Structure formats: C-alpha cells, structure tokens
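When we follow full-length UniProt numbering, the leftmost residue of the sequence shown carries the number 1, and every step to the right adds one.
So the structure is just underneath, and the comments pick up after that.
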Amino acid sequence: MFCDIVAGSVPAFKVIDSPDGVGFLDVRPVFKGHVLVVPRAHVVTLPSLPLTDLPGYFNLVQRVTAAVPEALGAQGTFVANNNIVSQSVAHLHFHVVPRTKGDGLRGFFWPRHKYASDDEARDYASRIAAKLG
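Right under this line is the structure:
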C-alpha cells in the first residue's frame, strides 16, 4: 500500500514528496498531524534500508520532525519505528506524532483521533507542507 502512495496511484494527504521518500498523514492518527515518513524504495525494516539511502531518508525524517511542531503549535514530537512486531504495513516507516505536555499519551498506548473530514486532513497536511517548503 505505501508503495502505491509513493507511486501516486493511491491518494494520500502528502506533506512532502522528495527523492528520499514521502511523508503523508496517517489515516489513523494518534493525534491530528501524525505523519508517516517512508523511503521511496520498498524495504520492510530499518536494517533492510541500504546504507546509501540512510542519510537522505533520515534527513527527511528529521525535517518532518522539525516541521510538525512549527506547523501545528505542538511543543514537540514522538518519533517511532516498528520492525516486524506491531508493524501494520510491511514497508519501512517512521511515525512523527505531534506532542503537547498533558496530551494524554502514555507509554506505548496509542489512542487514535480521527479527522472530522478530508478537508480537515487536507488543512493539517498543507500546514505541515508549508513548513517543509
């Protein structure tokens, strides 16, 4: 499924589309503005990512991590990756979740907060995309 988003054949609320990967809103966000960052190449786990792709991909994760709080007024982010266990899609992806003190996120219990509409999701995506240039 993520390969189809990267290829543009499946719609997504993209925040960035670069040679190093794609960032798009999670359809089941922990908090609104929760972004998934995937490498362009199909690899399942972080150890499978070619070393030559690592700097560009992690730069992309870093850029999204910086943009999310700026765009959404969050105080910080939670950045996470699952390898096989709890990995709901077999394509490497990092979660960049906006965080605010007192937001209720505890440990690895991830409550989900849905967007009210596609327009609301589009608004979140465009705000983050604007910070990414």
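Beta carbons: idealized from backbone N, C-alpha and C, even for Gly.
This one's a predicted model, so the numbers in the text were calculated from it and none came from an experiment.
Which full runs of the alpha helix (DSSP H) of 4+ residues lie inside the region 47–83, going along the chain? Qualifying alpha helix (DSSP H) stretches, in chain order: 54–72.
With a threshold of 7 Å on Cβ separation, who are the neighbours of R127 within its own chain once the five nearest residues in sequence on each side are excluded? Contacts found: A71 and L72.
Between the Cα of P19 and the Cα atoms of L25, V6, V10 and F31, which residue gives the shortest distance? With distances taken between Cα atoms, P19 lies closest to V6.
Decide if the region 49–60 is in contact with the region 73–83; the criterion is three or more beta carbon pairs, one per stretch, under 8 Å apart. For the pair of segments examined, the region 49–60 was found not to touch the region 73–83: the number of CB pairs separated by less than 8 Å stays below three.
With D103 as the anchor, note down where its beta strand (DSSP E) starts and where it stops. Here D103 belongs to no beta strand (DSSP E), and DSSP marks it neither H nor E.
Return the Cβ separation of H93 and F2 in integer angstroms, given the expectation that the two are a contact with Cβ distance under 8 Å. A Cβ-Cβ separation of about 7 Å places H93 in contact with F2 under the 8 Å criterion.
Is the CB-CB distance between V27 and V64 below 8 Å? Inclusion of V27 and V64 in the CB contact set at 8 Å is not warranted, their separation being larger than that value.
Quick one: grab the DSSP three-state call for L36. Residue state, collapsed to three classes: strand.
For the beta strand (DSSP E) that contains F24, what are its first and last residues? Where F24 is concerned, the enclosing beta strand (DSSP E) stretches over G21 to L25.
Among P29, D4 and G33, nearest to Y124 - alpha-carbon criterion: Answer by Cα proximity: G33.
Using three-state DSSP, classify K114 as helix, strand or coil. Three-state DSSP puts K114 in coil, outside helix and strand.
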